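Chains as they are written, first to last, in my numbering: chain A, 1 to 332; chain V, 1 to 332.
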């Protein structure tokens, strides 16, 4: 019963237009964690929020913003898709601890401490050396805990990630990455990280970005679900969700902004390479409106119960958001 | 029965520290419209919000933010002072229409279209020529109406103010100014403006800033209440409130920032002059913790009923905020 479950995609960065919102609604997804910014500073982040406000105004029949977890249930009831915002880097807070509460009030619910590079807070997964959590990073984690902004370490390096899990007084997430046992890549996560994440109540969203998958764009639904099953055996099903990293209909310029920001004059190919510099081909069984339903069916075939499959396609994300988004008064 | 009424001061810009919050609480004020910024742009406005977030964290036993009108009743119940934010200029939106909804979401409930000078939206009261509402200003008024951000014309010129009243689909306010019949000053308002404001359901907050008053710092409580009575005779009591413009404990540098911003290399003395360039002496019967209670008693002595005095010291502001702060879906 796919439609009885709350369905949440824990990360997308598609081209957000009305056609796409219609597709999202048709897909049965109740809420999606949308990347608001990659490298935008505080001021530019306001413009991204403004652009979304205008999308909400023009598409109020299809989408609505999510500020608290209850908004996701409201979206489901209203037949709309809830949009919850996250940043893939800590650039929205500039160098200012006080902007964490400001951005949370604005609706930034999730923030990565780093993208691929060193940030003011921690180290990204493509750096040679991993500083762990910086002095500012330790303050930022405490403040994010206090105001109910979720720490996301998807693009961070191993030591930084382990330290964030340890320092944070609340569970954190890796919204979109896969285990290295399934595909060894700098962006994927070791068993050590996944176990530490789960031990503290955190959540891992499985990615459908081909560079994170065994056999890339040829990865089968069966292989994808087997990867989930093996991870469930390791840490339990309640820590697992989907964070598809779906980037549909985006031009090459967006890929270059993701990878290069303003920090490099040379092309950085990220997970690609000079002769494979474009967007990877999307997975045929995921990129259409049946994507989440296909995963649900695949999970059932792999041996998960209906309840477990429901947890993985959204229930676990919902529970994680429910315990993560309220301010933590004890830290005041 | 002073304490039975909701008491709202419709504008203050005092030095916001714990001692002052203790004084505010002791004064019986349930909510105060606090000036967040004078000339700060969007980015600097975020820092002002961040500073307030930290004040709320450190003084959570005394103050709380107001995002909706219900928060004022909540503050009264909890014995706290609700803080509602306004800008004395349109600088927080830079040149970007989309920042109106962003700033509203952040908690900016009230915005003046101009301070004393020409702005991108309208003309300030100290300019020689009054353009009226600009092209951008017309769009901004519509957007402010839509999202529930209150238009304040306290520092604006006459034609601009009349046009704003006319163009706006919702009532607007003049949060802190007095009638020119009581004291003729560029910052005060003509009978024409006050009548037009009231005819559209707007609100006038009487100022206690000495430069706006007959006899300046020597203005008596009786004269102040007579001014209110005469205005009530003209437009009815339901359009009248208090917007004290109280600026206690602020250094000269703040006065210079108010008056000069970044726009002048020469000193502009605003309502003062070269040989009267400092803060005016506050009114002895208003600047202490009995200020609002003194006004209440003065209004009773002047002949207002208890109900009417209660409306003037806060009830009318409450009703005005109640009808002004909800988004206006019909404009979506």
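From the three backbone atoms N, C-alpha and C, an ideal C-beta is built for every residue, glycine too. In this text, all values refer to a predicted model and were calculated from it rather than measured experimentally.
Next on the checklist: Strictly under 8 Å for the Cβ-Cβ distance: is residue 91 of chain V near chain A by that measure?
Outcome noted: Mapped onto the second chain, residue 91 of chain V falls at position 91. For residue 91 of chain V, the answer is no, since every Cβ of chain A falls outside 8 Å of its Cβ.
Checklist entry - Buried or exposed: which applies to residue 5 of chain V, given that a residue is buried once 16 or more other Cβ atoms fall within 10 Å of its Cβ? => result As a first step, residue 5 of chain V is located in the second chain; it is residue number 5 there, counting from the start. When all chains shown are included, residue 5 of chain V counts as buried.
Item to check | Which listed residue (V/324, V/328 and V/315) has its alpha carbon closest to that of residue 73 of chain V | outcome: For the purposes of this step, residue 73 of chain V is taken as residue 73 along the second chain, with counting starting at 1. Of the residues V/324, V/328 and V/315, the one whose Cα lies closest to the Cα of residue 73 of chain V is V/315.
Checklist entry - If residue 31 of chain V sits next to residue 86 of chain V, beta carbons under 8 Å apart, how far is it from one beta carbon to the other, in whole angstroms? => result One-based indexing of the second chain puts residue 31 of chain V at position 31. One-based indexing of the second chain puts residue 86 of chain V at position 86. In this structure residue 31 of chain V is not in contact with residue 86 of chain V, their Cβ atoms being roughly 12 Å apart against a cut-off of 8 Å.
Next on the checklist: On the DSSP bridge list, what partners appear for residue 326 of chain V?
Outcome noted: For the purposes of this step, residue 326 of chain V is identified with residue 326 of the second chain, where counting begins at 1. Residue pairing from DSSP leaves residue 326 of chain V without any beta-bridge partner.
Item to check | Straight-line gap, residue 265 of chain V to residue 253 of chain V (C-alpha atoms, nearest Å) | outcome: Position 265 of the second chain, counted from the start, is the residue given in the question as residue 265 of chain V. Position 253 of the second chain, counted from the start, is the residue given in the question as residue 253 of chain V. In a straight line, the C-alpha of residue 265 of chain V is about 14 Å away from that of residue 253 of chain V.
Checklist entry - Roughly how many whole angstroms lie between the Cα atoms of residue 159 of chain V and residue 109 of chain A? => result What you label residue 159 of chain V is simply residue 159 of the second chain in a count that begins at 1. What you label residue 109 of chain A is simply residue 109 of the first chain in a count that begins at 1. Separation of residue 159 of chain V and residue 109 of chain A (C-alpha to C-alpha, rounded to the nearest whole angstrom) is 44 Å.
Next on the checklist: Please return the same chain residues whose Cβ sits closer than 8 Å to the Cβ of residue 130 of chain A, not counting the five positions on each side in sequence.
Outcome noted: Taking the first chain and counting its residues from 1, one reaches residue 130 of chain A at position 130. For residue 130 of chain A, same chain residues with a beta-carbon under 8 Å away, outside a window of 5 residues either side, are 123, 157, 158, 159 and 160 in chain order.
Checklist entry - Can the beta-carbon of residue 11 of chain V be found closer than 8 Å to that of residue 176 of chain V? => result As a first step, residue 11 of chain V is located in the second chain; it is residue number 11 there, counting from the start. As a first step, residue 176 of chain V is located in the second chain; it is residue number 176 there, counting from the start. Yes, the pair counts as a contact, with Cβ atoms nearer than the cut-off.
Checklist entry - Can a CB atom of chain V be found closer than 8 Å to the CB of residue 136 of chain A? => result On the first chain, position 136 is the one that residue 136 of chain A refers to. It does not; no Cβ of chain V falls within 8 Å.
Checklist entry - How big is the Cα-Cα spacing for residue 312 of chain A and residue 92 of chain A? => result As a first step, residue 312 of chain A must be located in the first chain, where it is residue number 312. As a first step, residue 92 of chain A must be located in the first chain, where it is residue number 92. When rounded, the distance between both Cα atoms is 30 Å.
Item to check | residue 87 of chain A - DSSP class collapsed to helix/strand/coil | outcome: Along the first chain, read from residue 1 onward, the residue named residue 87 of chain A stands at position 87. The DSSP-derived three-state label of residue 87 of chain A is strand.
Item to check | Near-chain V residues of the segment 118 to 149 of chain A (beta-carbon distance less than 9 Å), N- to C-terminal order | outcome: Using a CB distance below 9 Å, the part of the segment 118 to 149 of chain A facing chain V consists of 146 and 147, ordered along the chain.
Checklist entry - Do we get a CB-CB distance below 8 Å when we pair residue 21 of chain A with the residues of chain V? => result The sequence position of residue 21 of chain A within the first chain is 21, counting from 1. It does not: the Cβ of residue 21 of chain A has no partner Cβ on chain V nearer than 8 Å.
Item to check | N-terminal and C-terminal residue of the beta strand (DSSP E) that residue 123 of chain A is part of | outcome: Position 123 of the first chain, counting from 1, holds the residue named residue 123 of chain A. Careful: residue 123 of chain A lies outside any beta strand (DSSP E) and carries neither H nor E.
Next on the checklist: To be precise: take each residue of the segment 184 to 196 of chain A, compare its Cβ to all Cβ atoms of chain V, and keep it if any distance is under 9 Å. Which residues remain?
Outcome noted: Taking 9 Å as the Cβ-Cβ cut-off, the segment 184 to 196 of chain A has no residue approaching chain V.
Checklist entry - Under the three-state reduction of DSSP, which class applies to residue 155 of chain V: helix, strand or coil? => result As a working mapping, residue 155 of chain V is identified with position 155 in the second chain. Assigned with DSSP and collapsed to three states, residue 155 of chain V falls in coil, not helix or strand.
Item to check | From V/262, V/201 and V/206, residue whose alpha carbon lies closest to that of residue 182 of chain V | outcome: As a working mapping, residue 182 of chain V is identified with position 182 in the second chain. Of the candidates V/262, V/201 and V/206, the one whose C-alpha sits nearest the C-alpha of residue 182 of chain V is V/206.
Item to check | Interface residues of the segment 43 to 59 of chain V facing chain A [CB-CB below 8 Å] | outcome: Residues passing the 8 Å Cβ filter: 43, 46, 47, 49, 50, 51, 53, 54 and 57.
Checklist entry - In chain A, what lies closer than 8 Å to residue 106 of chain V by C-beta? => result To locate residue 106 of chain V, count along the second chain from 1; it is residue 106. Chain-order list of chain A residues neighbouring residue 106 of chain V: 102, 105 and 106, by C-beta distance under 8 Å.
Next on the checklist: Relative to the C-alpha of residue 179 of chain A, which candidate in A/235, A/143, A/256 and A/136 has its C-alpha closest?
Outcome noted: By one-based count along the first chain, residue 179 of chain A stands at place 179. When only C-alpha atoms are compared, the closest one is A/235.
Checklist entry - Quick one: which chain A residues come within Cβ less than 9 Å of residue 99 of chain V? => result By 1-based counting over the second chain, the position of residue 99 of chain V is 99. Near residue 99 of chain V (Cβ distances below 9 Å), the residues of chain A are 46, 47, 49 and 50.
Item to check | The alpha helix (DSSP H) enclosing residue 306 of chain A, as first and last residue numbers | outcome: Numbered from 1 along the first chain, position 306 holds the residue referred to as residue 306 of chain A. Annotation for residue 306 of chain A: the continuous alpha helix (DSSP H) segment containing it runs 306 to 310.
Checklist entry - Just by C-beta distance, which residues in the segment 293 to 311 of chain V are closer than 9 Å to chain A? => result If the cut-off is 9 Å between Cβ atoms, the segment 293 to 311 of chain V has nothing near chain A.
Checklist entry - DSSP state of residue 92 of chain V, grouped into three classes? => result Taking the second chain and counting its residues from 1, the one referred to as residue 92 of chain V is at position 92. Reduced to three states, the DSSP call for residue 92 of chain V is helix.
Checklist entry - What's the gap between the Cα of residue 239 of chain A and the Cα of residue 193 of chain A? => result Counted from its first residue, the first chain places residue 239 of chain A at position 239. Counted from its first residue, the first chain places residue 193 of chain A at position 193. Their backbone Cα atoms lie some 13 Å apart in a straight line.
Checklist entry - Looking at C-alpha atoms only, which residue of V/117, V/52 and V/136 is the closest neighbour of residue 155 of chain V? => result Against the second chain, residue 155 of chain V aligns to sequence position 155. Distances from the alpha-carbon of residue 155 of chain V to those of V/117, V/52 and V/136 put V/117 closest.
Item to check | Runs of beta strand (DSSP E) lying entirely within the segment 7 to 36 of chain A, each at least 3 residues, in chain order | outcome: You should have 8 to 12.
Checklist entry - If you draw a straight line from the C-alpha of residue 221 of chain V to the C-alpha of residue 140 of chain V, how long is it? => result Residue mapping note: residue 221 of chain V aligns to position 221 of the second chain, counting from 1. Residue mapping note: residue 140 of chain V aligns to position 140 of the second chain, counting from 1. Distance between the alpha carbons of residue 221 of chain V and residue 140 of chain V: 38 Å.
Checklist entry - In chain order, what residues of the same chain have a beta carbon less than 8 Å from the beta carbon of residue 300 of chain A, not counting five sequence neighbours either side? => result For this step, residue 300 of chain A is matched to residue 300 along the first chain. Short of 8 Å from the beta carbon of residue 300 of chain A, and not among the five residues preceding or following it, lie these beta carbons of its own chain, in chain order: 306 and 309.
Checklist entry - What is the DSSP secondary structure of residue 168 of chain A, counted as helix, strand or coil? => result Taking the first chain and counting its residues from 1, the one referred to as residue 168 of chain A is at position 168. If DSSP states are grouped into helix, strand and coil, residue 168 of chain A belongs with coil.
Checklist entry - Just checking, does the segment 20 to 31 of chain V make contact with the segment 43 to 53 of chain V on the three C-beta pairs under 8 Å criterion? => result These segments do not touch.
Item to check | Buried/exposed call for residue 78 of chain V, threshold 16 Cβ in 10 Å | outcome: Counting from one through the second chain, the residue named residue 78 of chain V turns up at place 78. So residue 78 of chain V counts as exposed.
Item to check | Spatial distance of residue 125 of chain V from residue 325 of chain A (CA atoms) | outcome: To locate residue 125 of chain V, count along the second chain from 1; it is residue 125. To locate residue 325 of chain A, count along the first chain from 1; it is residue 325. It is roughly 45 Å from the alpha-carbon of residue 125 of chain V to the alpha-carbon of residue 325 of chain A.
Item to check | Cβ of residue 96 of chain V within 8 Å of any chain A Cβ | outcome: Stepping through the second chain from its first residue, residue 96 of chain V is reached at position 96. Judged by the 8 Å Cβ criterion, residue 96 of chain V is in contact with chain A.
Item to check | beta strand (DSSP E) segment containing residue 204 of chain V, residue limits | outcome: Sequence index remark: in the second chain, residue 204 of chain V carries index 204 (1-based). Residues 203 to 206.
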